[in-house]
Every structure is written in C-alpha cells, then in structure tokens.
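Asks:
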Amino acid sequence: MRFQAALGYVVVTIALTGCASNNGDPIGNGNGVAGAGGLAGGGVGGSTIANGGAGVAGGAGAAAEACPETRTPLRSTGTVVELGFAPTLAGKPFVVGEPNTVVGGQISPLNLRFYVSELSLTAADGSQLPVDLVSAAGQLEPYGVHLVNFEEPASTSIHVLAPAGDYTGARFTFGINDACNSGDANRDAPLSANSQMVWPHVAGSLFLRYEAQWQADATAAATAAPPPSMIHMGGVVGSVFAPQATLTGALAVPATGSVTRTIQVSFDEIFRGASSSDDVSNVPIPTPEVIAGERLRRAVPTLTIFTLAAP
Amino acid sequence: MTSLALARARWLTGVVALLAGLGCADHDATPTAEVAEPAGALTEATAPSGFPAGSVARTAPPDNPLTEARARLGRRLFYETALSRTATISCSSCHVQEHAFSDPNPVSSGVEEQQGTRNAPALVNLAWSQRFFWDGRAASLEEQAGKPIENPIEMDLALDDAVARISENRSYVKDFQAAFAEPVTTDNLQKAIASFVRVLVSGNSPYDRHLAGDDDQFSAAAARGEQLFFGEKAACFHCHPQGALTNDGLFNDGSYRDGADEGRKAVTGRSSDLGKFKVPGLRNIAVSAPYMHDGSLATLRDVVEQYVAGGLGHPSTDPQIVPLQLSSDEIDDLLEFLDALTDSDFLNDQRFRLAP
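Heads up: the protein sequence lines correspond to chains A and B, in order. For the first sequence, the numbering used here begins at 1 and goes up steadily by one. For the second sequence, the numbering used here begins at 312 and goes up steadily by one.
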C-alpha cells in the first residue's frame, strides 16, 4: 500500500505540472518530453508573431521546438470570427474547378491551396493583436497553421478567436514561418506531404500552389500573354521566408455571437505579382512555376490581394 | 459439433460440391466457422521513414481506435467469401498479397464474373491516406470498407445482409464482442476491415534501407534512378514526394481519353476534375502490375514511356505533365529505382494471411 501511495503521488505531481503548463497533447503522442519542449517553443512562437513572423531565430535544434503541433492558446475566450476566402478576377468570382471566361480565353483552375498562419488583427491605433487560428469547432489549429484548399470547401474558411473590438484589418503570414518550414514530411496535417505543399526542390515547403488550364479563344488574336498557368510560391529554410500579407477592410467584432465575413482574393493582383519583371534568376530551380511563385512572393507586401467584402 | 469439426464438415461439403461438378455455382454462404490465425501482433507497425511519425495506431480515427482484436477480426473478414452475394469472393480475391494487395488483372471480376472498370488498387500504407478509391470518393478507410461489399458489380451484398450472415456464426459474434463489446453491426463490420487495412504497412524495401544508410541492395543504377526521380529531369516527385511517395492528391496525369472513365469529375461534377485520379504510393509498385486506374498499361516501362511522351495528349491533362527528355539508359535507371521499392517482407508477411 505504501508503494501505491508513492506511485499515486508521482502521478499527481506529473498531472499538476501538465495542468499548469496547459499542455494537453491531445494528439496522443504519448510523449511528455516532446510536449514540454513544444510548450517552450510556444513561447518563442508567441514573440515571433509579434515580430512579424518571417525570421525565427535559433539554430536547427530550436527549430523543432519553435513549431509545436500543440500550442499554448493566446486567450481562452473571444468571439469566433469566420473568414471565408473567395477568389475574384476582373471583378467577378474566379471559380476553382470551372472555366472562367477572361479576355482571350478561359482559365480553369485545377488546384489552389495556400497556407495562412500567424494572424493578427489591426487595431484602430495601428497596433497588432495576435489571435489564435481555430477550427470551426473552436479547437486550436495544429502548428497554428491553416491550409486553404479549394478541393475541400470546408477548408476555404479560417476561424479566429478574437476579443471584441473595431479593427481596421489584419495581417498574416501568407505561408508558414521558418520554424515550421523544415521540409519535414514527418509532420501531421496540415504540414504533411498530403498537403501537396511539399517543396521538393529544396528543404522547405510551398506557401501557395496554383495550377490551371488555359484555353485560348479560337477567334481571339494572340495579343497579351495569358496569365501564368502555374504558380508555386515557396520558401527556403533560413533564407527565403513566407511573405506578410495585409487584409484590408473594417472588421467589427461584437462581444457575443459570431461573425462571418468574406475575404476576396484578388487574382488580378496575384497574376500581376507573378508576372512581374523582377529578376529571379537566383531561384533554386528556374522552372516557370517557381519563377512565377518567387515573383509573387517578393511582390506580396506591395499588392492588395486580400480585401474584406462588405458585410 | 466443435468448431474444428464444423470447419472440416464445410471443407468436405466443398469437396463434394466440386466432385459433383457444381463448381462455383453452389457456394455455402455460411461464414468460415473458425480460423487458425498466424502469430504476431498486427498493430505494432510504425511509420516508415518520411511518413508522419509514430505508430500506425496514431492514424486511426478517434471513433475506431486501432486494437489487436479489431485488426485480427478485420483480417478474418478480409478473407471471408460470405461477404459476397454468391459467397465466392472476398476482399482478398481482388487484393492479393503477393501483388501488394492489388489485382494482377487489368480490371477485377466481381460476382458472376462481372467486370469492373478500374484496376483494384494496391493496399499499402493507406493508414496515412485521407481519401480512397481511384476517384477519392471515400474520406476514410471505414467509409471505404463497405462499398466493395455493396457494389453490384463487385461483391453485391447489402451490408445488412452481410451483418445477418456474419451474425449466424458464433465465433464471429464472439470476436465482435471482444473487439467492439457489441454484436455485429454494419458500422463495426466496416471498422474491423478498416483496422486490418490500416496495419498493411510497408517500409522495408531496399530504398527504405538505403534511406537508413544501408545500400547493400540498392544498386548504382537505382541510385541514378533515384536522382532522376527526385530531380526536375523526370520530375516524378511532384506527385510522388519523398516519404510516402504520394501526395495523396487527384490529378489528370495524361491517361484520360475522350469518352473514358471521368474519374473525380463523376464525384464532384466539376469540369476541371475530368480525368483526375488518385496518385498512388509507389512502394511495391513493381509487383502491382498492371498500371493506371484502368489497368491499361501492362508494365512499368509502359508507364514511364507514357510519361516521357507527356501523356496521351488530351487537353484536360494537368499542365505539370509535359514531355520528358530521358534517354533509354535513364529510363532503365528509373525502372531500377522503382524495382528497389519492392518490400519482400511485406509481400511475404505471414501476419497478413489466414493460416490454411
């Protein structure tokens, strides 16, 4: 009996430690050590968000800790804000999976997916308020990352848990930060190889993947070049980082209830960025889709890709 | 009558039926009375290199945790002919272990020799997949497991009828109680089969050992093929990335012809999904001929040559499929690499069989 009591004491001690650290490890790794490391990393990640996210300090050893699958929530309460991404082109919906008529032909997007992470709301005074990305059910997104994938309609909305307030917009990492961009296919969704965001050219991940078919009008004169049919925007660990994107538009978050808004994704702007004349001859593999992606990546801070539609 | 005696009686019935010239037309729909099971835990498999880390159990959905009892029951059901209307076909009829649980015929024969339209896919490392069937129409192994049983041109048995048949057998009822603490239901029938398919893990090919630093069986030609596979020249890795050797995606790889199976489009209705089929993982690909969703290519060389040509040329082909500049030596090297993905331990693993 003495032994059982001692064992019970040990178990209780561990449990208390777990509670204090708020590190539930619901994924079931069964690995308390890794969980503790993840918690420490969560702190690092928090400061990273405030700093804008792109460059995470620390060597290879710190990288695994800086991208924990289970993170510490930034706050436990708030209003769930659902933001649905809706591509547009030339002022009209740009429908993934169907032909879209444009000048000179038709574009049929086959595949569109991109990462969103490290989102912060912009307050009236310009300060940034980091918020958690959560699932529709309110659970923290693994790694703090959401994959928008137009093959899966439910994934095309993000949800954030936000304090009440009147915000003027938002900022987010259009991709994943360097710590999560390890090219490590051993990770779970949304960072696994099934995401189709593996960036095979180099150690790292794609941030955006877009492929489409272009069908030129038979009668149209071949004047302007068609938009790029493939854009692969990706990063290189330690040197090429995910861009910071700005979401423009006022967002009122009430104290109770929920909010659903639409984010228009301007493909006019995406194509403009991807078709820039930037010299990107230093990309690891100079294929057309990688060149288009690198041009877009560099242009993102100057583009108005994401706009909140009027409520 | 003891279960052994039952089995013996059933076997004798079969022999008599055959001797009487009745052949396959007269089959006993009574489920296998009891089976001798091979030793060895089914649920101990861990993720091969490059897969999401951890045990295969970690991939199971919360409402169907992987247990030894469920996987063993699933194995028994996998080989159970009573799950087809005519009691002639089991899952294993079209998913043959020596062929990496695929069918060596271009399309499979269902009950009464009905011909399907697609090649039965290999069942390898599906624990890490998120969609199933060539058109990705099932979102889980559990959802997938019942559909071939119900399909009129495959096993053609309503799941309720399957439950009724299995429930007639006390040994099965006992196994379901042990695995699920409840009687046989359509839900746990599918969960059991899914649990067995989940443990079909292959990660000990010469390529896997090469990744671990052992090149004893990884030839210089295979190494050259590996470079081509993961380089832009052959560009296979775009859909077959390192690790699982599949991105689990659906793409039109240039196999589509006008008027043929529309693939994903038949599921979603989206016009751009025309001719899209699931990208298979490639472990044991050399033993799972014929190839493509319709089994239309007899050899891996045919497959590589079709990709070298940039597909069949239909306008719906994905823009990533373009003609390749590969010499015949390079094609040979690629084939050597694909051969090095054969995991003979997996193909011969006694745990995946029922003892005769």
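From the three backbone atoms N, C-alpha and C, an ideal C-beta is built for every residue, glycine too.
Go ahead and label residue 488 of chain B buried or exposed: buried means 16 or more other beta carbons lie within 10 angstroms of its beta carbon, across all protein chains shown.
Replies: Flag for residue 488 of chain B reads exposed.
Asks: Taking the alpha-carbon positions, what's the residue 27 of chain A to residue 626 of chain B distance?
Replies: In this prediction, residue 27 of chain A has a pLDDT of 26, which is less than 50 and means its spatial position is unreliable; what the coordinates show is noted afterwards. Roughly 43 Å separates the two Cα atoms.
Asks: Along the region 220-247 of chain A, where does the CB come closer than 8 Å to a CB of chain B? Name the residues.
Replies: Going along the region 220-247 of chain A in chain order, one finds 229 and 230 with a Cβ nearer than 8 Å to chain B.
Asks: Of all the residues that make up the region 616-637 of chain B, which are near chain A by a beta-carbon distance shorter than 7 Å?
Replies: Residues passing the 7 Å Cβ filter: 629, 630 and 631.
Asks: Measure how close the beta-carbons of residue 590 of chain B and residue 550 of chain B come, nearest whole angstrom, since I'm counting them as under 8 Å.
Replies: Rounded, the Cβ-Cβ distance is 5 Å, consistent with contact.
Asks: Mind listing the chain B neighbours of residue 139 of chain A? Cutoff is C-beta to C-beta under 7 Å, in chain order.
Replies: Within chain B, no residue comes near residue 139 of chain A; the closest Cβ sits about 13 Å away, beyond 7 Å.
Asks: Using a C-beta to C-beta distance shorter than 7 Å, which residues of chain B count as neighbours of residue 187 of chain A?
Replies: Within chain B, the residues near residue 187 of chain A are 363.
Asks: For residue 617 of chain B, which option in B:566, B:468, B:521 and B:527 has the closest C-alpha, if you only look at C-alpha atoms?
Replies: Ranking the options by Cα distance to residue 617 of chain B, first place goes to B:566.
Asks: Here's a check: name, in chain order, each residue in its chain whose Cβ is nearer than 8 Å to the Cβ of residue 315 of chain A, leaving out the five neighbours to either side.
Replies: Since the displayed chain A opens at 1 and closes at 311, residue 315 of chain A lies outside it and no answer follows.
Asks: Use the C-beta contact count for residue 583 of chain B: other C-beta atoms within 10 angstroms, 16 or more gives buried, fewer gives exposed.
Replies: With 16 or more other Cβ atoms within 10 Å, it is buried.
Asks: Using a Cβ-Cβ cutoff of less than 6 Å, which residues in the same chain neighbour residue 481 of chain B once the five nearest sequence positions on both sides are dropped?
Replies: If we look at residue 481 of chain B and ignore the five residues flanking it on each side, it has no Cβ neighbours.
Asks: Do you know how far the Cα of residue 75 of chain A is from the Cα of residue 135 of chain A?
Replies: One C-alpha to the other measures close to 15 Å.
Asks: Considering only C-alpha positions, which residue in the set A:270, A:164, A:103 and A:95 is nearest to residue 156 of chain A?
Replies: For the residues A:270, A:164, A:103 and A:95, the minimum Cα distance to residue 156 of chain A belongs to A:95.
Asks: Go ahead and pull the three-state DSSP assignment for residue 273 of chain A.
Replies: Here residue 273 of chain A sits in helix by DSSP.
Asks: If you count every other CB in all the chains shown that lies within 10 Å of the CB of residue 354 of chain B, and 16 or more means buried, which is it?
Replies: Under this definition residue 354 of chain B is a buried residue.
Asks: Determine which residues of the region 281-310 of chain A have a Cβ less than 7 Å from any Cβ of chain C, and write them out in chain order.
Replies: This model lacks chain C altogether; the protein chains it does include are A and B.
Asks: Does the distance from the CB of residue 107 of chain A to the CB of residue 227 of chain A come in under 9 Å?
Replies: Going by C-beta atoms, residue 107 of chain A is nearer than 9 Å to residue 227 of chain A.
Asks: Going by DSSP, name the residue or residues bridged to residue 82 of chain A.
Replies: DSSP output for residue 82 of chain A lists A:159 and A:260 as bridge partner(s).
Asks: Output, in sequence order along the chain, the residues in the region 79-102 of chain A whose CB is closer than 7 Å to any CB in chain B.
Replies: Listed by position along the chain: 97, 98 and 99.
Asks: Can you tell me whether residue 319 of chain B is buried or exposed, with buried defined as 16 or more other CB within 10 angstroms of its CB?
Replies: Its pLDDT being 41, under 50, residue 319 of chain B is placed unreliably in this model, and the value from its coordinates should be taken loosely. Residue 319 of chain B is exposed by the Cβ-count criterion.
Asks: How about residue 467 of chain B and residue 396 of chain B: are their beta carbons less than 9 Å apart?
Replies: Contact flag set, yes.
Asks: Would you identify the three-state DSSP class for residue 132 of chain A, choosing helix, strand or coil?
Replies: It is a strand residue.
Asks: Have a look at the DSSP bridge pairing and note the partners of residue 210 of chain A.
Replies: Partner(s): A:112 and A:231.
Asks: In chain order, what residues of the same chain have a beta carbon less than 8 Å from the beta carbon of residue 362 of chain B, not counting five sequence neighbours either side?
Replies: Cβ within range, chain order: 436, 439, 514, 554 and 555.
Asks: Let me know the secondary structure DSSP gives residue 319 of chain A once reduced to three states.
Replies: This structure does not reach residue 319 of chain A, given that chain A is present from 1 up to 311, and the question cannot be answered.
Asks: Taking the C-alpha atoms as reference points, what is the distance between residue 38 of chain A and residue 234 of chain A?
Replies: Any reading at residue 38 of chain A needs caution, since the residue's pLDDT is 26, under 50, leaving its predicted position unreliable; the model's value is listed next. The straight-line gap from Cα to Cα measures roughly 25 Å.
Asks: Using CA atoms only, rank isn't needed, just tell me which of B:659, B:528 and B:510 is closest to residue 651 of chain B.
Replies: The candidate whose alpha carbon is nearest that of residue 651 of chain B is B:528.
Asks: If you draw a straight line from the C-alpha of residue 374 of chain B to the C-alpha of residue 381 of chain B, how long is it?
Replies: Taking the straight line joining both Cα atoms gives about 12 Å.
Asks: List, in order along the chain, the chain A residues whose C-beta lies closer than 7 Å to that of residue 471 of chain B?
Replies: Simply none; closest approach about 31 Å.
Asks: Roughly how many angstroms separate the alpha carbons of residue 676 of chain B and residue 430 of chain B, rounded to a whole number?
Replies: Residue 676 of chain B is absent from the structure shown; chain B starts at 312 and stops at 667.
Asks: Quick check: residue 263 of chain A and residue 91 of chain A, are their CB atoms within less than 9 Å of each other?
Replies: No, the Cβ-Cβ distance between residue 263 of chain A and residue 91 of chain A is not below 9 Å.
Asks: Can you tell me whether residue 244 of chain A is helix, strand or coil according to DSSP?
Replies: Note: residue 244 of chain A maps to strand in three-state DSSP.
Asks: Roughly how many angstroms separate the alpha carbons of residue 295 of chain A and residue 511 of chain B, rounded to a whole number?
Replies: Distance between the alpha carbons of residue 295 of chain A and residue 511 of chain B is about 43 Å.
Asks: Just how far apart, CA to CA, sit residue 379 of chain B and residue 352 of chain B?
Replies: If I take the Cα positions, the gap works out to 7 Å.
Asks: Could you give the distance in angstroms between the alpha-carbon of residue 665 of chain B and the alpha-carbon of residue 459 of chain B?
Replies: Looking at the two C-alpha atoms, the distance is approximately 21 Å.
Asks: Within its chain, find whatever has a CB closer than 6 Å to the CB of residue 588 of chain B; leave out the 5 residues flanking it on each side and keep chain order.
Replies: Cβ within range, chain order: 445, 574 and 604.
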